[in-house]
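Trainee:
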Ligand SMILES: C[S@@+](CC[C@H](N)C(=O)[O-])C[C@H]1O[C@@H](n2cnc3c(N)ncnc32)[C@H](O)[C@@H]1O
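Residue numbers (the numbering used here): 165 to 459.
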């Protein structure tokens, strides 16, 4: 029988030959549109059996809230995203978590304070103040969502939560521990993925291809992720596959996506939608898990 360890979610997980995890209890410090927390148990069945976590690296180039990264908590990782505020947060938590905790304690769940902080010019703030601002806005805004307008300005209204946990010290310190030694980068996926080598495991969770004209969320960054970006990502996935990397990619259950990855293994998985302002759109939805390996 397999021995058991505590996974990042604090659950007991069997140590199978493909277990990547080291001991860690960190969980995402932000709520993020498209976050994968609800799919982790399903994903456990699909992580690669042949990945050598002490020798090779784990890449995640659309890190967002990092649900998969924290779940796996790999030994050697390269994480990145195009969103500079988000990446600043990861870097500050890694290098300066105690100062961040002090800065977060100054924030309060108050509507006027929220709008004052939202209006701040981030260029005039220190990295620690910027990280505290992002976490505070995420914890207190409507639906706990991060969304920016075309000028890159955060534009979600106040959320009216009764008692949001603005400063979760315990988890922030766990996150800092999980990020020790992790290579954190801000940039487009193709620039970071050039560094992946044979044997590395890459998880990719891009903004989803819309399945209908009204279903797309596009507010992660000032620019949206269109058809040509999806095509470029599929090209990069093919190059990395030829290089001998192990690739796992999430996307919507759209014909366009199925066609882009027709030469890959495609599995359909089911999830519930966490962030949607319309309650009737929060049901179970099918999405795709695309891989270049069999487990
Ligand atoms: C679906 S979310 C990732 C969610 C993440 N897996 C989680 O569990 O929270 C997609 C992410 O891609 C980032 N992104 C958008 N365009 C990008 C690009 N061209 N290169 C890298 N990251 C990009 C967004 O900022 C966003 O954080």
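The beta-carbon is built from N, C-alpha and C at its ideal position, and this holds for glycine as well. Bear in mind that the values here come from a model prediction, so they are computed numbers and not experimental data.
#1: Within 10 Å of its beta-carbon, does residue 299 have 16 or more other beta-carbons around it, so buried, or fewer, so exposed?
#2: How about residue 225: is its Cβ closer than 7 Å to a heavy atom in ligand 1?
#3: Classify residue 269 as helix, strand or coil using the three-state DSSP reduction.
#4: In chain order, what residues of the same chain have a beta carbon less than 7 Å from the beta carbon of residue 359, not counting five sequence neighbours either side?
#5: At what residue ranges does the segment 314-343 contain a whole run of the alpha helix (DSSP H), taking only runs of 4 or more?
#6: Determine the DSSP secondary structure at residue 405, reduced to helix, strand or coil.
#7: Start and end of the alpha helix (DSSP H) containing residue 435?
#8: If you draw a straight line from the C-alpha of residue 319 to the C-alpha of residue 283, how long is it?
#9: Would you list, in sequence order, the uninterrupted beta strand (DSSP E) runs of no fewer than 3 residues that lie entirely inside the segment 225-251?
#10: Among the candidates 273, 372, 428 and 251, whose CA atom is the shortest distance from the CA of residue 323?
#11: When you measure from the CB of residue 247 to every non-hydrogen atom of ligand 1, does any distance come out below 7 Å?
#12: Residue 424 and residue 352: beta carbons closer than 8 Å?
#13: Determine the direct distance from the alpha carbon of residue 348 to that of residue 458, and round the result to whole angstroms.
#14: When you compare the CB positions of residue 421 and residue 452, do they come within less than 8 Å of one another, or not?
#15: For the candidate residues 248, 275, 194 and 198, whose alpha-carbon lies nearest to that of residue 449?
#16: For residue 193, decide whether its Cβ has a neighbour in chain C, counting only Cβ atoms nearer than 8 Å.
#17: Taking contact to mean at least 3 C-beta pairs separated by less than 8 Å, is the segment 190-197 in contact with the segment 224-242?
#18: Using alpha carbons as the reference points, say which of 342, 305 and 191 lies closest to residue 276.
#19: At a cut-off of 7 Å, would you count residue 352 as near ligand 1, judging by its Cβ distance to the nearest heavy atom?
#20: Determine, using beta carbons only, whether residue 337 and residue 281 come nearer to each other than 8 Å.
#21: With residue 368 as the anchor, note down where its beta strand (DSSP E) starts and where it stops.
#22: Please determine, among 332, 329, 402 and 225, the residue with the shortest C-alpha to C-alpha distance to residue 350.
#23: Might you give, ordered along the chain, the residues of its own chain that have their beta carbon closer than 8 Å to the beta carbon of residue 396, omitting 5 neighbours on each side?
#24: In whole angstroms, give me the CA-to-CA distance for residue 120 and residue 191.
#25: Any heavy atom of ligand 1 inside 7 Å of the beta-carbon of residue 398?
#26: Counting only the same chain and skipping the five closest in sequence on each side, list residues whose C-beta sits under 8 Å from that of residue 321.
Mentor: Per the coordinate set shown:
#1: Label assigned to residue 299: buried.
#2: The answer is yes for residue 225.
#3: The answer is helix: DSSP assigns residue 269 an H, G or I state.
#4: In the same chain as residue 359, and ignoring 5 residues on each side of it, the C-beta atoms closer than 7 Å to its own belong to 242, in chain order.
#5: DSSP assignment within the segment 314-343 yields the following whole alpha helix (DSSP H) runs of 4 residues or more, N-terminal first: 333-343.
#6: Here residue 405 carries a helix assignment [DSSP, helix/strand/coil].
#7: Counting along the chain, residue 435 falls outside any alpha helix (DSSP H), though it belongs to the beta strand (DSSP E) covering 429-436.
#8: Rounded to the nearest whole angstrom, the CA to CA distance from residue 319 to residue 283 is 9 Å.
#9: Positions of the beta strand (DSSP E) runs, each at least 3 residues long and wholly inside the segment 225-251, are given as 241-245 in order along the chain.
#10: Minimum Cα distance to residue 323 is reached at 273.
#11: Yes, ligand 1 has a heavy atom inside 7 Å of this Cβ.
#12: Result no, Cβ atoms of residue 424 and residue 352 do not sit closer than 8 Å.
#13: Linking residue 458 to residue 348 through their CA atoms gives a straight-line distance of about 29 Å.
#14: Remark: C-beta atoms of residue 421 and residue 452 approach each other more closely than 8 Å.
#15: Of 248, 275, 194 and 198, the residue nearest in Cα terms is 198.
#16: Absent from the structure is chain C; it holds one protein chain and no more.
#17: Yes: the two stretches touch, three or more of their Cβ pairs being nearer than 8 Å.
#18: Measuring from the Cα of residue 276, the nearest candidate turns out to be 305.
#19: True, at least one ligand heavy atom lies under 7 Å from that Cβ.
#20: Going by C-beta atoms, residue 337 is not nearer than 8 Å to residue 281.
#21: Where residue 368 is concerned, the enclosing beta strand (DSSP E) starts and stops at 365-368.
#22: Nearest of 332, 329, 402 and 225 to residue 350, Cα basis: 225.
#23: Contacts found: 354.
#24: Since the first residue of the chain shown is 165 and the last is 459, residue 120 is not available in this structure.
#25: No, the Cβ of residue 398 stays beyond 7 Å of every heavy atom of ligand 1.
#26: Beyond the five residues adjoining it in sequence on each side, residue 321 comes within less than 8 Å, by CB distance, of 305 and 306 in the same chain, given in chain order.
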